[in-house]
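To keep things clear, I will list the structure first and then write my remarks on it.
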Amino acid sequence: MNNLIALICGLVFGFGLTIAQMVNPNKVLNFLDLFGYWDASLAVVMGGGVITYIIGYQLFITKMKKPLLAEIFNLPTNAVIDKKLIIGSTIFGIGWGIAGICPGPAIANITAANEKILVFILLMVVGMLLAQKIKKR
Amino acid sequence: MTEFTPYSALIGGILIGLAALSLMLLTGKIAGISGIFSQLISQLPIKLSWHVYFILGLIIGPVFASPLGFTLPQTIDLSWTAIIIGGFLVGFGSRYGSGCTSGHGICGIGRFSKRSIAATVTFMTSAIVTVFIIRHVIGA
């Protein structure tokens, strides 16, 4: 059952990314380009997403002891703003600013079978595995 | 140049929020794509866990948007250098910083996590600075 839910949530997520056109690197880069021809669309996407999540989270989830179909809410226990968080986020932002592609849109673009997207994903995998190795030390 | 498209942006954003919220409400999981995807690639042979199903959904979701006129880009105007460096940094940074636009930006901020707010402010700032340097300082 939870696998089916994960499938449907992933599907709606990918559908939403496409409707929002966050799958288009040009649109993402034009959003990040505050000092050029700024395209504010992605501010609306992120705002719409985060406000929806805030409302649902504060209205329902904070009042629930456990999820409807599982035993526990899997939430991070680390509350410290540490060096890894800031260094990692800075590096992620630089990559996002260079390509205009973040992990969700990269994966959502797979069915277009564009060779540049596929190479991007391959390098993303390499980066992820390396970060995991370094982090464990 | 791309056009400002507030209505489709809002609908898309709400759908993304609803998908992430439903995953938490029903299964108690954070819809952080970099986290889910790296779970999937670091367990070989790949087990058929919920991570695989979520990623599968994420891949086929866009197919349902194309009858409505919203398609995936057919050409990517980025240089190979940008693809290779960008891909590596996005992968490395999202994992080293424990999240990306979805996990920190939507789910984390959505539950008022201080770490996620700090992460989102950090990556938004570094992305904006990077685009500024590339487009307006180097002039590429």
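Protein sequence lines, in the order shown, are assigned to chains R and A. Numbers 1 to 137, taken from our numbering, label the letters of the first sequence in order. Numbers 138 to 277, taken from our numbering, label the letters of the second sequence in order. All C-beta atoms in this analysis are idealised placements derived from N, C-alpha and C, irrespective of residue type, glycine included. Being a predicted model, the structure only gives us computed values, none of them experimental.
{"query": "Scan the stretch 183-206 of chain A for residues whose Cβ lies nearer than 9 Å to a Cβ of chain R and list them as they occur along the chain.", "result": "Leu185, Ser186, Trp187, His188, Val189, Tyr190, Phe191, Ile192, Leu193, Gly194, Leu195, Ile196, Ile197, Gly198, Pro199, Val200, Phe201, Ala202, Ser203 and Leu205"}
{"query": "Where does Trp38 of chain R fall in DSSP's three states?", "result": "coil"}
{"query": "When you compare the CB of Leu69 of chain R with every CB in chain A, is at least one pair closer than 8 Å?", "result": "yes"}
{"query": "Lys142 of chain R versus chain A: which residues are under 8 Å apart at the beta carbon?", "result": "Chain R is shown only over 1 to 137; residue 142 of chain R falls outside these bounds and no answer can be derived."}
{"query": "Of all Cβ atoms in chain A, is any one closer than 8 Å to the Cβ of Thr77 of chain R?", "result": "no"}
{"query": "How about Phe31 of chain R and Ala20 of chain R: are their beta carbons less than 8 Å apart?", "result": "no"}
{"query": "For Lys65 of chain R, return the contacting residues in chain A, with the cut-off set at a CB-CB distance below 8 Å.", "result": "Going along chain A, no residue has its Cβ under 8 Å from Lys65 of chain R, so there is no contact; the nearest lies around 11 Å."}
{"query": "Would you call Ser235 of chain A buried or exposed, if buried means 16 or more other Cβ atoms sit within 10 Å of its Cβ?", "result": "buried"}
{"query": "Among R:Ile121, R:Ser89, R:Ile107 and R:Asn114, which residue has its Cα nearest to the Cα of Ile265 of chain A?", "result": "R:Ser89"}
{"query": "Only counting the same chain, and skipping five residues up and downstream in sequence, which positions put a Cβ closer than 6 Å to that of Gly100 of chain R?", "result": "Pro25, Val28 and Leu29"}
{"query": "Could you tell me whether any Cβ in chain C is nearer than 8 Å to the Cβ of Gln211 of chain A?", "result": "Here the protein chains are R and A, and chain C is not one of them."}
{"query": "For the stretch 212-230 of chain A, which residues have a beta carbon sitting closer than 7 Å to at least one beta carbon of chain R?", "result": "Ile213, Asp214, Leu215, Ala219, Ile220, Ile221, Ile222, Gly223, Gly224, Phe225, Leu226, Val227, Gly228, Phe229 and Gly230"}
{"query": "Can you tell me whether Ile134 of chain R is helix, strand or coil according to DSSP?", "result": "helix"}
{"query": "Please list, in chain order, all residues of the same chain as Lys83 of chain R whose beta carbon is under 6 Å from its beta carbon, the five residues on each side excluded.", "result": "none"}
{"query": "Skipping 5 residues on each side, what residues in its chain have a beta carbon closer than 8 Å to that of Ser121 of chain A?", "result": "The structure shown does not extend to residue 121 of chain A, since chain A spans only 138 to 277, so no value can be given for it."}
{"query": "Closer than 8 Å by C-beta to Val45 of chain R: which residues in its own chain qualify, once you throw out the five before and the five after it? Chain order, please.", "result": "Ala20 and Met22"}
{"query": "Which chain R residues are close to Leu155 of chain A, counting only those with a beta carbon under 7 Å from its beta carbon?", "result": "Val12 and Thr52"}
{"query": "Give the interface partners of Leu130 of chain R over in chain A, defined as CB-CB distance under 7 Å, in chain order.", "result": "Phe229"}
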